[in-house]
Amino acid sequence: MIVIGIQGQVRGQRAETQTLMKHTASSRSFNQEDHEDESKVKNPRSDSKPPLTLPVAPPLYDAPFPFYRRPAEMGRFSLDAKRCFHGDARQMRYYVPPPAEGPSPGFDLRDGYRDRYVQRDDSVREGLDHLLQWIVENRKQLQTEDKGKLLNADFVTWRGHLTKVLTTPYESREGWLLAVTLFRGTLYISEFETEAARREREQRSEMLKELTYMGYKFEQYMCADTPDGIPDPTGVVNTNEAFCTVIRSRLGSHSLLFSGEVDCTDPRSPSPQPPSCYVELKTSKVMHSPAQRRSFYRHKIIKWWAQSFLPGVSRIVAGYRGPDGSVVGLETFETMKIFKLIRDDRGCWKPAVCMNFCAAFLAFLKTVVTEDNPKLVHLFAWNPGHPVSYTVHQDSQYRFLPDWYVEALSAEKSPTS
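Sequential numbering of the sequence shown, starting at 18, is according to the working numbering.
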C-alpha cells in the first residue's frame with residue numbers, strides 16, 4: 018500500500034483519535050464557541066448520544082499528517098455541450114503549453130466574452146446526479162464483501178465538497194451546507210447553496226463574471242482536442258462541457274469514492290498514468306511585491322493545493338493576468354511541493370491541519386448519521402467563527418438521492434446476502 022504524506026503518516030482511527038485528543042493549552046487562542054466544544058472532540062464517545070457540534074479551530078488538528086492512500090482512477094465520464102452524460106473520455110483535452118523560451122504568452126483572456134461564450138445555468142442544482150449515473154453503470158466493479166454494504170466506499174461525493182471541508186479551518190468568509198444520507202452502508206455527501214452564496218450569485222458584478230470567463234478562456238489557450246493538436250482560441254467557450262475523473266482513495270479509516278472535473282492531461286508527462294498525468298489550470302492577478310506573493314500563498318494557493326492533492330493531480334499551471342486581461346507570465350506548481358512554499362510562514366495554513374480536520378469531519382458524520390434511509394438527510398452547516406452543527410430532515414427539500422438511483426441500487430443484491 019502506498020501512502021501519501023508530508024510530515025509522516027498516522028494510520029486509521031488511531032490517527033483521528035490522536036488528532037481529536039490533542040491538547041491545546043499552549044496553542045494560540047481560538048473562537049469561544051470552539052473552546053466550549055473542545056471536550057466533545059477530546060472525548061467523542063464519552064456519551065451514548067452523538068455530539069451536536071464539531072469544532073473547527075486549527076490548533077485542535079495540528080498533528081502529524083494522516084494516512085492518505087495514493088489516489089487511483091476508477092473511471093471517467095464526460096458532459097457534452099448540452100450537459101448530457103457520457104460514460105467515456107470524449108471531452109478530454111490535452112495540455113499544450115506555449116514555448117518556454119520567448120516573450121510572455123500575451124493571451125487575451127477577454128476575447129470572445131461578448132460573442133463566443135455559452136454559460137452553464139448555475140441556478141440548476143445537479144447534486145450528485147452525474148456521479149451517480151457513473152456508479153449505476155459501473156456498480157459491479159464497486160461491490161464489496163462487507164456485510165450491510167453494497168459499494169466498496171464509506172463516502173461518495175464530489176471532489177469540490179471535500180475541498181471545502183479541507184480548507185474550512187482557515188476559511189474566514191464563506192460558509193457551507195452539506196447534506197448527508199446513509200444508503201446501503203455508504204454515506205453520500207451533497208452540497209446545498211447557502212443563502213449568502215445565492216445572494217452573491219444573483220448579485221454578481223459584471224467584473225466578477227468576466228473574471229470567471231477568463232479562467233475558462235485560459236484553458237482554451239492551453240489545451241488542444243488531440244495529443245498532437247494545437248489550441249484553437251477562436252472557438253466558443255462552453256462551460257457545460259466537462260471531463261471528469263472518478264477517484265478512489267482512503268483517508269485514515271475512511272474509504273472515499275469521489276469525482277472531479279479535470280482541465281487536461283499532459284501527453285508528454287513523465288508519469289503517463291492518470292491521475293498523475295492530469296494538469297490543473299488556474300489564473301490569478303499578476304503579483305508585484307513580496308507582500309502580494311505572501312498573501313497569495315496564504316489565501317489562494319491553499320484551495321489550489323486541496324483541489325489537486327485530493328485526486329492526485331501532480332501539477333498546477335498558473336497564468337498571471339495583467340490589468341488589461343492579458344496573460345503576462347506562467348508559473349508551474351508541483352502539488353506535492355506546495356507545502357515548502359508556506360512551511361516557514363508561522364501564521365500560514367498547514368496541510369496536516371486540513372487533512373486531519375477532514376478525517377475528523379468524516380468520523381463525525383459516521384457517528385451522527387446511523388440510520389440507513391435514502392429519504393433521511395442530515396444537513397451539516399458551518400459558518401466562519403462557529404463549529405459545525407447539523408439538523409435532521411425527513412422527506413424534505415434537502416433529499417438528494419434520486420429515485421432512479423435508489424431503485425437501481427435497491428435491486429442489487431449484496432455479495433454477502
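Just so it is clear, CB atoms sit at the ideal spot from N, CA and C, and this is done for glycine as well.
Relative to the C-alpha of VAL330, which candidate in ASP280, SER413, LEU379, ASN255 has its C-alpha closest? Residue 330 sits at position 313 when you count from the first residue of the sequence shown. Checked all of ASP280, SER413, LEU379, ASN255; the closest Cα to VAL330 is ASP280.
Measuring alpha carbon to alpha carbon, tell me which residue in MET231, PRO114, GLU191, MET239 is nearest ARG216. As a first step, residue 216 must be located in the sequence shown, where it is residue number 199. Checking every option, the nearest Cα to that of ARG216 belongs to GLU191.
Spatial neighbours of ASP139 within its chain, please: CB distance less than 7 Å, with the 5 preceding and 5 following residues excluded, ordered by chain position. As a first step, residue 139 must be located in the sequence shown, where it is residue number 122. If we look at ASP139 and ignore the five residues flanking it on each side, its Cβ neighbours are ARG218.
Can you tell which of ALA376, ASP389, VAL370 has its C-alpha closest to the C-alpha of ALA74? What you label residue 74 is simply residue 57 of the sequence shown in a count that begins at 1. The shortest Cα separation from ALA74 among ALA376, ASP389, VAL370 belongs to VAL370.
Simplified DSSP state of GLU236, which is helix, strand or coil: One-based indexing of the sequence shown puts residue 236 at position 219. Helix, per DSSP.
Using a Cβ-based criterion (distance less than 7 Å to any ligand heavy atom), does PHE82 qualify as near the ligand NAP? This structure lacks the ligand NAP, and indeed carries no ligand of any kind.
Nearest-angstrom beta carbon gap, THR184 and LEU327 [assumed within contact, 8 Å]: Along the sequence shown, one-based indexing puts residue 327 at 310. Along the sequence shown, one-based indexing puts residue 184 at 167. In fact, because the Cβ distance is near 11 Å, the residues do not count as touching under 8 Å.
Who are LEU77's beta bridge partners in DSSP? As a working note, residue 77 is residue 60 in the sequence shown. Bridge partners of LEU77: none, in fact.
Within the same chain, show all residues whose beta-carbon is closer than 7 Å to that of ARG416, passing over the 5 residues directly before and after it, in chain order. Counting from 1 along the sequence shown, the entry for residue 416 is found at position 399. Answer for ARG416: LYS392, VAL394, listed in chain order.
Where the beta strand (DSSP E) through SER189 begins and ends: One-based indexing of the sequence shown puts residue 189 at position 172. That residue, SER189, is in no beta strand (DSSP E); it is neither H nor E in DSSP.
Roughly how many whole angstroms lie between the Cα atoms of ARG212 and ALA376? Here residue 212 corresponds to residue number 195 of the sequence shown, with the count starting at 1. Here residue 376 corresponds to residue number 359 of the sequence shown, with the count starting at 1. According to the sequence shown, residue 212 is Glu rather than Arg. If you take the alpha carbons of GLU212 and ALA376, they lie about 27 Å apart.
Using DSSP with H/G/I as helix, E/B as strand and the rest coil, what is ASN514? In this structure the chain extends from 18 to 434, so residue 514 is not present and cannot be described.
Would you tell me roughly how many angstroms separate the C-alpha atoms of PRO291 and ARG176, rounded to the nearest one? What you label residue 291 is simply residue 274 of the sequence shown in a count that begins at 1. What you label residue 176 is simply residue 159 of the sequence shown in a count that begins at 1. So the alpha carbons of these two residues sit roughly 16 Å apart.
Per DSSP, what are the beta-bridge partners of TYR112 in this structure? In the sequence shown, the residue the question calls residue 112 occupies position 95. The partner list for TYR112 (beta bridge, DSSP) reads CYS240.
Unbroken stretches of the beta strand (DSSP E), 3 residues or longer, contained in the stretch 131-190: 172-175
Secondary structure at TRP421, three-state DSSP: helix, strand or coil? Along the sequence shown, read from residue 1 onward, the residue named residue 421 stands at position 404. In this structure, TRP421 counts as helix in the three-state DSSP scheme.
Other residues of its chain near PHE313: CB distance less than 8 Å, five sequence neighbours each side excluded: Locating residue 313 in the sequence shown gives position 296, where the first residue counts as 1. Result list for PHE313: SER301, MET304, in chain order.
Distance check for LEU167 and GLU429, CA to CA, integer angstroms please. Reading the sequence shown from its first residue, position 412 is the one you call residue 429. Reading the sequence shown from its first residue, position 150 is the one you call residue 167. Answer to the nearest angstrom: the Cα atoms are 8 Å apart.
Residue from ARG133, CYS365, MET239 with nearest C-alpha to ALA117: The residue you call residue 117 lines up with position 100 of the sequence shown. With distances taken between Cα atoms, ALA117 lies closest to MET239.
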